[in-house]
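Accompanying notes for the structure given below.
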């Protein structure tokens, strides 16, 4: 009986986690301590400085924290976007911007490193601005997952 009950709980958890299929992968990783072990961090090449930098393996924000976005053309087939986060994402970003002031955040979209952002102030509005690096295909995938800022919520 216990195994049936445990299987039922596991099945319900799997359904709730699987939920809605995501088309766009959005991850924000914080800079890690370079002395952390490989279990907690990995080494990546910073886009702007070209130096090897340690980042946390676990993302601080993901596509589950995004509720809306606003894309714009940055020229030459390149796009940027403003991302609006839900309450969990807003609180996580606020705490991160306080704890890690002066360090870097690394934004990955669909497995590609898009940009790195230096935390220079508290961010309490729950919005992340990506100046460029997105493609038209990225924008189309985002439209499948999130509403545009200013539109009514998807149901």
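Residue numbers (the working numbering): -6 to 148.
Just so you know, even glycine gets a beta-carbon here, dropped at the ideal spot from N, CA and C.
Assigned exposure category for residue i - 16 Cβ within 10 Å defines buried
| i | result |
| --- | --- |
| residue 22 | buried |
| residue 19 | buried |
| residue 141 | exposed |
| residue 143 | exposed |
| residue -6 | For residue -6, the predicted model reports a pLDDT of 44, less than 50, meaning its position is unreliable; a value from the coordinates is still stated below. By the 10 Å Cβ count, residue -6 comes out exposed. |
Check whether residue i and residue j have beta carbons under 7 Å apart
| i | j | result |
| --- | --- | --- |
| residue 77 | residue 60 | yes |
| residue 95 | residue 108 | no |
| residue 98 | residue 84 | no |
| residue 88 | residue 49 | no |
| residue 36 | residue 45 | yes |
| residue 29 | residue 58 | no |
Strand pairing of residue i, partner residues [DSSP]
| i | result |
| --- | --- |
| residue 64 | 74 |
| residue 46 | 37 |
| residue 23 | 98 |
| residue 107 | Answer is none; residue 107 lacks a bridge partner. |
| residue 123 | 74 |
| residue 55 | 20 |
Same chain, Cβ closer than 8 Å to residue i, five either side skipped, listed in chain order
| i | result |
| --- | --- |
| residue 134 | 16, 17, 103 |
| residue 132 | 64, 72, 74 |
| residue 113 | 94, 95 |
| residue 128 | 70, 71, 72 |
| residue 41 | 109 |
Proximal residues to residue i (C-beta, below 7 Å), its chain only, five neighbours per side dropped
| i | result |
| --- | --- |
| residue 122 | 75 |
| residue 6 | Because residue 6 carries a pLDDT of 42, less than 50, the predicted location of this residue cannot be relied on, and no value is offered for it. |
| residue 52 | 20, 21, 22 |
Proximity winner among the options, relative to residue i (alpha-carbon distances)
| i | options | result |
| --- | --- | --- |
| residue 32 | 63, 72, 47 | 47 |
| residue 115 | 128, 132, 38, 91 | 91 |
| residue 39 | 105, 14, 89 | 105 |
| residue 130 | 44, 70, 55 | 70 |
| residue 137 | 28, 43, 68, 56 | 56 |
| residue 117 | 42, 54, 66, 82 | 82 |
| residue 66 | 124, 120, 54 | 124 |
| residue 119 | 14, 86, 68, 62 | 86 |
Close-in-space but distant-in-sequence residues of the same chain around residue i (CB under 6 Å, 5 per side omitted)
| i | result |
| --- | --- |
| residue 139 | 59, 61, 62 |
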